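The listed protein sequences derive, respectively, from chains A and B.
42 is the number that this note's numbering gives to position 29 of the first sequence; each next residue is one higher, with no gaps.
127 is the number that this note's numbering gives to position 14 of the second sequence; each next residue is one higher, with no gaps.
Glycine is no exception: its CB is placed at the ideal position from the N, C-alpha and C atoms.
In this text the structure is predicted, and so the values were computed from the model without any measurement.
Worksheet: one structure, shown below.
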Amino acid sequence: MKVLPSRSSEIMAQVPAQQPATAMIEIDRVSQIFQTSARKDHLALSDISLAIEEGAFVSILGPSGCGKSTLLYIVGGFVSPTSGSAKMKGKTITAPGPDRGPVFQEFALFPWKTVLGNVMYGPRQQGVRATEAEAQSRALIEMVGLKGYENFFPKELSGGMKQRVALARTLAYHPEVLLMDEPFGALDAHTRTRLQNDLLNIWERDRKTVLFVTHSVDEAVFLSDKVVMMSRSPGRIRQVIDIDLPRPRRRTELLLDPRYQKYVVDIERMFDDSDEAGANA
Amino acid sequence: MTWSAAIGRRVAPLLACVGLLAAWQVAALALKNDGFPTAFEAMRAVPAILGDKEALINILASLRRMTIGFAAAVAVSIPLGLLMGRSRAVAAFFNPLLMVIYPVPKAALMPIIMLWLGVGDIAKTLVIFLGVSLPVIYHSFEGAKAVEEKMLWSGAAMGLSSVQRLVRIVLPAAMPEILTGCRTGLVLALITMITSEMIARQSGAGNILFNALDMGQYDTVFAMIIIVGAMGIGLDAAFEKVRARLVRWSEPQFDIPLSFS
Ligand SMILES: Nc1ncnc2c1ncn2[C@@H]1O[C@H](COP(=O)(O)OP(=O)(O)OP(=O)(O)O)[C@@H](O)[C@H]1O
Ligand SMILES: [Mg+2]
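Okay, here's the thing in structure tokens:
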């Protein structure tokens, strides 16, 4: 079966040859133990090692409770690991900083600020002049499709709109690494697809390093260069899969692409296998 | 429909006032008791009090003590409450202290405070300060505790220091709760103001009231109650206006009317 042969090879040709990229983020034998209220130690992450290259889009995929968020928080510097270390550009991460921008699943917008106020917050904190920060923020708000909502308060927005504001707010202070925790998890399918496309457009334009947590196999394959599959109890890396699909990616084209379909099916099979193994154990 | 609802909202409190006064008038006429003047007599005494220079100075002095006590309490209690809400160590230190002070009626401390500080402005202002502090500390504490952690993380990622996070994230996020505490505090300020003047009988609105009571000028007594009550309602309404404006962002989106129609 030949699907879009000429076009995809054309697109392939446009992508520059992979250069020996340096690791932007290096996670080195990280384990995380939580003290639960039952006074028992809970091993949330066990011996995680992972290198993320500069400019790569890496997704973390795994069942609920396998420690995806925890891993993201460790890279963000919000949680310090029980053992092991996370490094950014060779420097051990000890605290949050504007070089790593989180987008939380809970949005965590500042409810007393308008959409514009939220987006301007980071640049203003970084010392960008008010007029300049405002101009940049208005452009970002327009880019995420919220033009006309600049003066709305977060409570006046829908979930998908809040998510867009959260993304714009983080993009506004130009972090080198985006840390996104199931950013589209709570959205309806239509909004989700739109935001995925928006994110991909933004990423293809300025190639930030992205660490993206998701439950959805489709989403991970569609967006990523690399999918990190995790398993639960304790949270471990099962497998890292390189997604070798041409960019720029168009959702409608990819859905028909057998290579895309194979990635999705393979990954789903692997999770099914582990579920059965879990059920038999 | 909206027109009549708007008019209803304006007129209803007025009707309630008139109804109350009418009931008072009828009850006083029926009872014919010296200690219970009619509403008309009491109302007539109001301009007499407000026109009297001495009385006016007394009332203004009361208001000044109340303002200073309230402002000082708010200035101290908000930072303390916020710190307690965000730091376990600070909370562990101050909690036992506050738990001891909390149930004590602040007016009951008045004799001791008078013993130490005399019967002047300082003692009375201190009692007002104590009365206002506790609800403001408590609500600031609760408000700060409830601030979503991810919001603070977002701030940290933008480069806010811990002090900046307290002032620029915890404070505004907790503002609705803080202002609820301040509103309770304002009413308590008025109450402690009057009680302190009842105990340290030297000057103030409470003093006028009790002097009049001693001298059997019952219409003045009731007029003072009306004045103090009106002050309370006025202050509370003014504060509510300011509060609603400050935390417009947090007000519920849809009013669910509680109507009988
Ligand atoms: N602060 C904490 N205290 C105790 N246990 C925790 C804490 N945070 C996470 N855990 C535990 O660590 C494990 C991993 O949690 P985490 O939130 O990282 O999972 P997740 O993969 O993000 O799940 P989900 O997909 O549902 O968001 C869970 O079993 C959770 O109970
Ligand atoms: Mg999670």
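For A/Thr222, the pairing in a beta bridge is given by DSSP as A/Val190.
Taking C-beta atoms as the reference points, A/Val240 and A/Leu58 fail to come closer than 8 angstroms. Within the model, the alpha-carbon separation for A/Arg205 versus A/Phe197 is close to 6 angstroms. For B/Ser175, the three-state secondary structure derived from DSSP is helix.
Contact between A/Glu67 and A/Thr222 is confirmed by a C-beta separation of about 6 angstroms, below the 8 angstroms threshold. Following the DSSP letters along the chain, one finds B/Asp332 in no beta strand (DSSP E) but inside the alpha helix (DSSP H) bounded by residues 331 to 359. Within the segment 267 to 290 of chain A, no residue has its Cβ closer than 7 angstroms to any Cβ of chain B. Take the alpha-carbon of B/Phe149 and the one of B/Phe335: they are about 8 angstroms apart. DSSP, read as helix, strand or coil, puts A/His55 in strand. For B/Gly272, the C-beta contacts it makes with chain A under 9 angstroms involve Pro109, Gly110, Pro111, Gly135, Gln138, Gln139, Tyr186, in order along the chain. When DSSP reads this structure, A/Arg113 sits in a beta bridge with A/Val190.
Proximity to ligand 2 was defined by a C-beta distance below 7 angstroms to any of its heavy atoms, and the residues meeting it, in sequence along the chain, are A/Lys81, A/Ser82, A/Gln118, A/Asp194, A/Glu195, A/Val226.
Only Glu261 from the segment 246 to 261 of chain B bring a Cβ to less than 7 angstroms from some Cβ of chain A. Under DSSP, A/Ser98 forms a beta bridge with A/Asp41.
For A/His228, the CB falls within less than 7 angstroms of some heavy atom of ligand 1.
Only Trp362, Ser363 from the segment 333 to 364 of chain B bring a Cβ to less than 7 angstroms from some Cβ of chain A.
When the Cα atoms are used, B/Ala136 and B/Leu243 turn out to be separated by approximately 37 angstroms. B/Ala287 is outside the set of residues whose beta carbon lies under 8 angstroms from a beta carbon in chain A. The three-state reading of DSSP puts A/Gln252 in strand, counting E and B together. Residue environment: B/Pro160 is assigned as exposed (fewer than 16 neighbouring CB atoms within 10 Å of its CB, all protein chains considered).
Just measuring C-alpha positions, the residue of A/Arg42, A/Pro124, A/Thr83, A/Ala185 sitting nearest A/His55 is A/Thr83. Using a Cβ distance threshold of 8 angstroms, B/Ser253 and B/Ala287 count as a contacting pair. The alpha carbon of A/Thr227 has as its nearest neighbour, out of A/Met243, A/Ile256, A/Ala179, the alpha carbon of A/Met243.
For the 8 angstroms CB-CB criterion, A/Ala99 and A/Ile40 form a contact.
Residue pairing of A/Gln274 in beta bridges, as defined by DSSP: absent, with no partner found.
Distances from the CB of A/Phe47 to the heavy atoms of ligand 1 include at least one below 7 angstroms.
The distance from the Cβ of A/Val157 to that of A/Arg177 is about 4 angstroms, consistent with a contact at the 8 angstroms cut-off. The shortest CA-to-CA distance from B/Gly256 to any of B/Ala185, B/Ile312, B/Ile191, B/Cys130 is the one to B/Ile191. Put simply, the segment 270 to 278 of chain A touches the segment 228 to 236 of chain A. At least three CB pairs are less than 8 angstroms apart. Taken through DSSP and simplified to helix, strand or coil, A/Arg263 comes out as coil. Secondary structure note for B/Leu230: its alpha helix (DSSP H) is the uninterrupted segment 223 to 230. In the structure shown, the three-state DSSP call for A/Arg142 is coil.
Taking CB atoms only, B/Ser200 has no neighbour in chain A less than 8 angstroms away.
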